Amino acid sequence: MKEIRHWQSRLMMRVVHFYFAWARGMTMGVRAACFDDRGYVFLVRHSYVPGWHMPGGGIERNETAEDALVKELREEGNLVIVGRPALVQVYFNKAATRRDHVVFYRANVRQTAPRAPDREIVECGFFALDALPEGTTASTRRRLAEVAGEQQPDQVW
1 MKEIRHWQSR
11 LMMRVVHFYF
21 AWARGMTMGV
31 RAACFDDRGY
41 VFLVRHSYVP
51 GWHMPGGGIE
61 RNETAEDALV
71 KELREEGNLV
81 IVGRPALVQV
91 YFNKAATRRD
101 HVVFYRANVR
111 QTAPRAPDRE
121 IVECGFFALD
131 ALPEGTTAST
141 RRRLAEVAGE
151 QQPDQVW
């Protein structure tokens with residue numbers, strides 16, 4: 001599947017954020033560091049933005065953060081949360097817009113079936129923390145270091 005070029009992804013993200021800024025006063029999303037029973041973390045690579053990221057997405061109207069997390073993990077990885085997710089931090093995501101926030105969780109998960117690539121998710125999989133794929137974003141690496149207790153949580157994504 002052909003990926004969108006960098007300038008196209010930036011344009012697409014601006015259009016999406018413009019819509020959300022118009023539709024909502026503030027945007028809020030969820031992401032999670034999802035670990036399997038081996039301690040491997042689940043990451044996704046999207047077609048519309050470069051790099052490997054933790055799964056997540058936007059919180060819709062009349063949806064709790066945990067409900068959005070359950071939905072996004074199911075959609076992006078066929079993942080089911082085992083137990084309750086642990087809230088790590090709420091971050092200001094100034095790279096997206098001046099009003100975007102990310103609610104970040106740590107969750108133990110199991111995958112119900114392999115996730116086939118599609119128009120949104122190009123690749124996904126579980127990775128050992130000491131063998132993250134090339135292209136794992138700096139923010140993903142920072143969040144994983146925070147979850148591991150190697151650094152204090154920041155306030156900015």
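So that you can map any letter, position 140 of the sequence shown is 140 in UniProt numbering, and since no number is skipped, the others follow by simple counting. The beta-carbon is built from N, C-alpha and C at its ideal position, and this holds for glycine as well. Please read all numbers here as calculations on a predicted model, not as lab measurements.
### Query
What are the boundary residues of the beta strand (DSSP E) that includes L87?
Unbroken beta strand (DSSP E) run through L87: L79 to F92.
### Query
Between the segment 106-115 and the segment 81-91, are three or more C-beta pairs nearer than 8 Å?
yes
### Query
Using the C-alpha atoms, what's the distance from S47 back to R119?
7 Å
### Query
With 16 other CB atoms within 10 Å as the buried threshold, where does V102 fall?
Counting the other CB atoms within 10 Å of its CB gives V102 a total of 16 or more, which places it among the buried residues.
### Query
Is the segment 24-37 touching the segment 47-64, taking contact as three or more C-beta pairs under 8 Å?
yes
### Query
Mind checking whether A128 and Y105 have CB atoms under 8 Å apart?
no
### Query
Alpha carbon to alpha carbon, how far is P133 from R143?
15 Å
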